[in-house]
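Asker: Each residue of the sequence shown is one higher than the last, beginning at 32 in this note's numbering. Glycine included, each C-beta is placed from N, C-alpha and C at the ideal position. Predicted, not measured: the structure shown is a model, and the values here were computed from it. Below is the structure I would like to discuss, written out as structure tokens.
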Amino acid sequence: MAALEFAIIVPVLLVMLAGLTDFALAFWSRGVLASSVAQGAQYAVLVGPTVSTSAIRSIVGQQLSLPAANVTITGPSCYCVSGTPAAASIQTCGNPCPNGTMPGTYITISASYTYTSLMPLYSNLTNPLLTETTMARLK
Numbered sequence: 032m033a034a035l036e037f038a039i040i041v042p043v044l045l046v047m048l049a050g051l052t053d054f055a056l057a058f059w060s061r062g063v064l065a066s067s068v069a070q071g072a073q074y075a076v077l078v079g080p081t082v083s084t085s086a087i088r089s090i091v092g093q094q095l096s097l098p099a100a101n102v103t104i105t106g107p108s109c110y111c112v113s114g115t116p117a118a119a120s121i122q123t124c125g126n127p128c129p130n131g132t133m134p135g136t137y138i139t140i141s142a143s144y145t146y147t148s149l150m151p152l153y154s155n156l157t158n159p160l161l162t163e164t165t166m167a168r169l170k
């Protein structure tokens, strides 16, 4: 009788374990994306306004251990920050902001990865596209 009960419950437990493993791998992939984008932003901030997008892309790519991840770098762009809470409005670089200050130079780094689920059933329940984006001020 115990063997029959065990045979009935094992498939249920295996499906639950597979789902947990799948979720953990997706969560890990998201963490890798976030860490890679943060490393690229840190590099951009350290180098400053003269940083090249190819150098940032190289840093992010070195940190990524995910195949076929897509890295997008936008900028540099200038923004004026004002108000409470702070809001950013795009401004032409070199022109002063409405409050008289000079706009800050920012770069946006984004990485995306399409996660392939281990379980086909779970892949229909979630969005497989994982995306992380950060904006860093260069000066």
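Anyone know if the C-beta pair for Arg168 and Thr136 falls short of 8 Å?
Answerer: Yes, the Cβ-Cβ distance between Arg168 and Thr136 is below 8 Å.
Asker: Taking only runs of the beta strand (DSSP E) that begin and end inside the region 83-128, which ones reach a length of at least 3 residues, in chain order?
Answerer: Fully enclosed beta strand (DSSP E) runs of 3 or longer: 101-113, 118-122.
Asker: Nearest-angstrom Cα distance between Pro98 and Glu163?
Answerer: Rounded to whole angstroms, Pro98 to Glu163 spans 16 Å at the Cα level.
Asker: What three-state label does DSSP hand Tyr74 in the structure shown?
Answerer: In this structure, Tyr74 counts as helix in the three-state DSSP scheme.
Asker: The beta strand (DSSP E) with Thr132 in it runs from where to where?
Answerer: Note, Thr132: premise wrong, no beta strand (DSSP E); not H, not E.
Asker: Sort Leu51, Cys111, Leu161 by Cα distance to Tyr144 and report the nearest one.
Answerer: Of Leu51, Cys111, Leu161, the residue nearest in Cα terms is Leu161.
Asker: Could you give the distance in angstroms between the alpha-carbon of Ser159 and the alpha-carbon of Ser148?
Answerer: It is worth fixing the name first, because residue 159 is Pro in this sequence and not Ser. Spanning the two alpha carbons is a distance of roughly 8 Å.
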